[in-house]
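Novice: In the working numbering, the protein residues as written are 185 to 959. Quick reminder that beta carbons are idealized off the backbone N, C-alpha and C, glycines included. Mind looking over this structure? Questions follow.
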């Protein structure tokens, strides 16, 4: 993507401005009275209590939780996505076709529920794209700026602004600006011509103003490891804090990303097995590298995904005697296009249900067809506020009352961009003879969320026993307008859902804790794939039929856990969940554009157990391991073709029975080594359990050295990361599950044709070296 010279000049000007010598700003700003970091500026408290190389922390919550801090993140590949960094946490089933987190070819499930059923938040604001419920965590912040990423499987925190938290929650915090002026610079290079540069400058306290900030910029790029295309990403972070007084402070966080993603193709099991027997780097299953006019129908340039993203959150904290208040207004803006390729017959072309005459002037028409890129242009924004207050109602009692308001709007246009004889777009969209844009989808949609919540925490027996009662009520409204000719005009739907919860913890001793929680959570249907009509531009038929009302997912979950924090750390959890109106995310084509969708599968029962254990560091050596047993079954038969397939009691897709992770870390005298092993059992990809993704085992290795200060270099370091060090060829995740891979017979006797699940191709061996330093 082209950037004007002024764009790059502004980035570097902002960077070097804040690292000017102290005397440069002395005329207008006084030096701070103290540059000692406050408590809020310390490295995350969990880091000091971490074991297993920082992968396991001391927890006291009435629900299971695990996470990573800045120490762990600093050992990971510099270009890794946050999802890759938490892939070794308990119960995380992560699959990706990208070693560097630049593409959107990935999927995460936790306890059998995918990432669209998880709640995601960063710096107190929602982190989810509300069009498809995809988190796109790669756009939140650069890795060097995260201070922690925490996973809560099967539950969520009451006060977080989440609309999708039936399967759990992932929340992230961003580092606090340094108290003294400093800068950081690192550079990475790796396999597949990967390059990444990151630079950050901290202002330090600006005189006695109580203000400090950091600003950072990164650029990352890498080729696809198979097929054509290069992926690029620009990212900018800014955070400023203001200490108003000892009892009040504010924090402004701004993040922005620009991405060009040359997406890789999805694989069927047959295609993978065939390509795996030929030593051609799986090129047979990729999008076409060259364009032959009139023959090529899947040219890679037609599938380039582009996105622009801006996140803004403003955290305000006030602590009075016996009363805490938190207010977080936020804003998010996104602009994306997820295109594909198609051919248009000008003799049979429709806008909505209306047949139209195509303006064919100066178009590349071959064999009677117009080759075109099918666009999914979307512009969306959300604004909201989350506020809550906690009152100390007595010596042993705390009451929290809060309110969350969110308003989200999207405008979508599924237009068509004609291709020239070289396979490039001609710079305009396809129109009819009256000048109207030809489209399969053209609509606006908005949602309004009002959520009230309250909790009461009671501590008894000298803080040994804690009872936490909570309740929230979400009122959800969706409305929209379909601008295409057809049966759908304005549409709307709304519902309200109460969600009670309870949590108990009992400290048996200083080192042993028991905990229990029962919670309810709800998730509205994915708005984009549920409510608007999408039309086939070749027939005028309905490709996606908008629903007037769809029941939300509703989960009732329980956990019973045991913790030990002593000569080693140990956590064991039994979990159970009953889920109604389950929607499984999938990938699908609409008028040639590859987009996200959902499949309604009814109810589900999820049972299992998770264990996590970690040692403390002995002579620099520490170990970590976790394992999960999962039994997730479907409660209903699957409706298809006017009949039902006998799926009741079948194992749910993307729910491996066993998973395990083992890690070994060594850190001493500046040297560090980090090796992790991951095993994921086989998992079904069809609801009839007649096809599955094979089990796989991967090993990652990291090593490096951090030196003492050398002149102006402060703590310079070098790091080398090996991902999939055994170069395993494998499928890493299920992209599109199917009802069956074979011809099946329904309960009513109907013959149901076979489907074809698709998968993400796992990343081969990738190596990345990083050098960096503070200044």
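Quick check on the burial criterion: 16 or more other C-beta atoms within 10 angstroms. Buried or exposed for residue 378?
Specialist: Numbered from 1 along the chain shown, position 194 holds the residue referred to as residue 378. Label assigned to residue 378: buried.
Novice: Between which two residues does the alpha helix (DSSP H) harbouring residue 269 extend?
Specialist: The count along the chain shown starts at 1 and reaches residue 269 at position 85. Boundaries of the alpha helix (DSSP H) harbouring residue 269: 266 to 269, taken from the DSSP string.
Novice: Which of the three DSSP states is assigned to residue 711 in this structure?
Specialist: Numbered from 1 along the chain shown, position 527 holds the residue referred to as residue 711. DSSP places residue 711 in helix when its eight states are reduced to three.
Novice: Taking the beta carbon of residue 574 as the centre, do at least 16 other beta carbons fall within 10 Å, making it buried, or is it exposed?
Specialist: Along the chain shown, one-based indexing puts residue 574 at 390. Buried, since its Cβ has 16 or more Cβ neighbours within 10 Å.
Novice: According to the neighbour-count rule (16 or more other Cβ atoms, all chains shown, within 10 Å of its Cβ), is residue 188 buried or exposed?
Specialist: To locate residue 188, count along the chain shown from 1; it is residue 4. Below a pLDDT of 50, predicted positions are generally treated as unreliable, and residue 188, at 44, falls in that range; the measurement from the model is reported next regardless. That one is exposed.
Novice: What is the residue span of the alpha helix (DSSP H) that residue 456 lies within?
Specialist: Numbered from its first residue, the chain shown carries residue 456 at position 272. 453 to 460 is the extent of the alpha helix (DSSP H) around residue 456.
Novice: From what residue to what residue does the alpha helix (DSSP H) around residue 276 run?
Specialist: In the chain shown, residue 276 corresponds to position 92, counting from 1. Careful: residue 276 lies outside any alpha helix (DSSP H), inside the beta strand (DSSP E) at 276 to 280.
Novice: Leaving out five residues on either side along the sequence, give the residues of the same chain with a beta carbon under 6 Å from the beta carbon of residue 655.
Specialist: The count along the chain shown starts at 1 and reaches residue 655 at position 471. 638 and 684, listed in sequence order.
Novice: Determine, using beta-carbon pairs with one atom in the region 746 to 755 and one in the region 240 to 258, whether at least three such pairs fall under 8 Å.
Specialist: yes
Novice: On a CA-only basis, which of 851, 615, 935 and 950 is nearest residue 910? Give me that one, please.
Specialist: Here the question's residue 910 lines up with position 726 in the chain shown. Minimum Cα distance to residue 910 is reached at 950.
Novice: By the three-class DSSP mapping on this structure, what secondary structure does residue 299 have?
Specialist: Within the chain shown, the letter at position 115 stands for residue 299. Residue 299: helix per DSSP, three-state reduction.
Novice: Looking at residue 434: is its Cβ nearer than 8 Å to the Cβ of residue 425?
Specialist: Here the question's residue 434 lines up with position 250 in the chain shown. Here the question's residue 425 lines up with position 241 in the chain shown. Their beta carbons are under 8 Å apart, which means residue 434 touches residue 425 by this criterion.
Novice: Once you ignore the five residues that flank residue 480 on each side, which residues in its own chain have a CB closer than 6 Å to its CB?
Specialist: Along the chain shown, read from residue 1 onward, the residue named residue 480 stands at position 296. Once the five neighbours on either side are set aside, the close Cβ partners of residue 480 are 472.
Novice: Would you call residue 952 buried or exposed, if buried means 16 or more other Cβ atoms sit within 10 Å of its Cβ?
Specialist: Here the question's residue 952 lines up with position 768 in the chain shown. Flag for residue 952 reads buried.
Novice: Is the beta carbon of residue 442 sitting closer than 8 Å to the one on residue 959?
Specialist: Stepping through the chain shown from its first residue, residue 442 is reached at position 258. Stepping through the chain shown from its first residue, residue 959 is reached at position 775. Result no, Cβ atoms of residue 442 and residue 959 do not sit closer than 8 Å.
Novice: What residue does the alpha helix (DSSP H) around residue 377 start on, and which one ends it?
Specialist: Translated into the one-based positions of the chain shown, residue 377 becomes position 193. Element bounds for residue 377: n/a, residue is neither H nor E.
Novice: Quick one: Cα of residue 180 to Cα of residue 630, how far?
Specialist: Past the edges of the chain, shown from 185 to 959, lies residue 180, and the structure says nothing about it.
Novice: If I measure Cβ to Cβ from residue 216 and keep anything under 6 Å in the same chain, skipping five residues before and after, which residues do I get?
Specialist: As a first step, residue 216 is located in the chain shown; it is residue number 32 there, counting from the start. Summary for residue 216: the model assigns pLDDT 38, below 50, so the residue's position carries little reliability, and this model does not support an answer.
Novice: Among 508, 932, 420 and 756, whose alpha-carbon lies nearest the alpha-carbon of residue 431?
Specialist: As a first step, residue 431 is located in the chain shown; it is residue number 247 there, counting from the start. Measuring from the Cα of residue 431, the nearest candidate turns out to be 508.
Novice: Identify whether residue 583 lies in helix, strand or coil by the three-state DSSP scheme.
Specialist: Residue numbering aside, residue 583 sits at position 399 when the chain shown is read from its first letter. Note: residue 583 maps to strand in three-state DSSP.
Novice: Under 8 Å between the Cβ atoms of residue 489 and residue 464?
Specialist: Counting from one through the chain shown, the residue named residue 489 turns up at place 305. Counting from one through the chain shown, the residue named residue 464 turns up at place 280. With contacts defined by Cβ atoms closer than 8 Å, residue 489 and residue 464 do not form a contacting pair.
Novice: Give the straight-line distance between the Cα atoms of residue 569 and residue 590, rounded to the nearest whole angstrom.
Specialist: In the chain shown, counting from the first residue as 1, residue 569 sits at position 385. In the chain shown, counting from the first residue as 1, residue 590 sits at position 406. The C-alpha of residue 590 is placed about 7 Å away from the C-alpha of residue 569.
Novice: Kindly indicate which three-state DSSP category residue 541 falls into: helix, strand or coil?
Specialist: Counted from its first residue, the chain shown places residue 541 at position 357. Residue 541: coil per DSSP, three-state reduction.
Novice: With distances taken Cα to Cα, identify the nearest neighbour of residue 732 among 456, 584 and 712.
Specialist: On the chain shown, residue 732 is found 548 positions in, with the first residue counted as 1. Checked all of 456, 584 and 712; the closest Cα to residue 732 is 712.
Novice: Can you name, in chain order, every residue of its own chain whose Cβ lies under 6 Å from the Cβ of residue 735, other than the five neighbours on each side?
Specialist: For the purposes of this step, residue 735 is taken as the residue at position 551 of the chain shown. Scanning its chain for C-beta atoms nearer than 6 Å, with the 5 sequence neighbours on each side dropped, one finds around residue 735 the residues 765, in chain order.
Novice: Of the choices 510, 301 and 662, whose alpha-carbon is the least far from that of residue 592?
Specialist: As a first step, residue 592 must be located in the chain shown, where it is residue number 408. When only C-alpha atoms are compared, the closest one is 662.
Novice: Nearest to residue 294 by CA position, among 248, 310 and 328, is which residue?
Specialist: Taking the chain shown and counting its residues from 1, one reaches residue 294 at position 110. The shortest Cα separation from residue 294 among 248, 310 and 328 belongs to 248.
Novice: Quick check: what's the CA-CA separation for residue 856 versus residue 899?
Specialist: In the chain shown, residue 856 corresponds to position 672, counting from 1. In the chain shown, residue 899 corresponds to position 715, counting from 1. About 14 Å.
Novice: Which residue wins for smallest C-alpha separation from residue 363, given the options 393, 737, 344 and 356?
Specialist: Here residue 363 refers to the residue found at position 179 of the chain shown. The candidate whose alpha carbon is nearest that of residue 363 is 393.
Novice: Nearest-angstrom Cα distance between residue 234 and residue 417?
Specialist: By one-based count along the chain shown, residue 234 stands at place 50. By one-based count along the chain shown, residue 417 stands at place 233. In a straight line, the C-alpha of residue 234 is about 33 Å away from that of residue 417.
Novice: Please classify residue 877 as buried or exposed, where buried requires at least 16 other C-beta atoms within 10 Å of its C-beta.
Specialist: As a working mapping, residue 877 is identified with position 693 in the chain shown. Flag for residue 877 reads buried.
Novice: Does the beta-carbon of residue 635 have 16 or more other beta-carbons within 10 angstroms, so that it is buried, or is it exposed?
Specialist: As a working mapping, residue 635 is identified with position 451 in the chain shown. Flag for residue 635 reads buried.
Novice: Runs of 3 residues minimum, wholly inside the region 720 to 790: which ones carry the beta strand (DSSP E) assignment?
Specialist: 726 to 728, 737 to 749 and 752 to 774
Novice: Name the DSSP bridge partner or partners of residue 907?
Specialist: Along the chain shown, read from residue 1 onward, the residue named residue 907 stands at position 723. BP columns for residue 907 point to 950.
Novice: Tell me the rounded alpha-carbon separation between residue 931 and residue 275.
Specialist: Stepping through the chain shown from its first residue, residue 931 is reached at position 747. Stepping through the chain shown from its first residue, residue 275 is reached at position 91. So the alpha carbons of these two residues sit roughly 34 Å apart.
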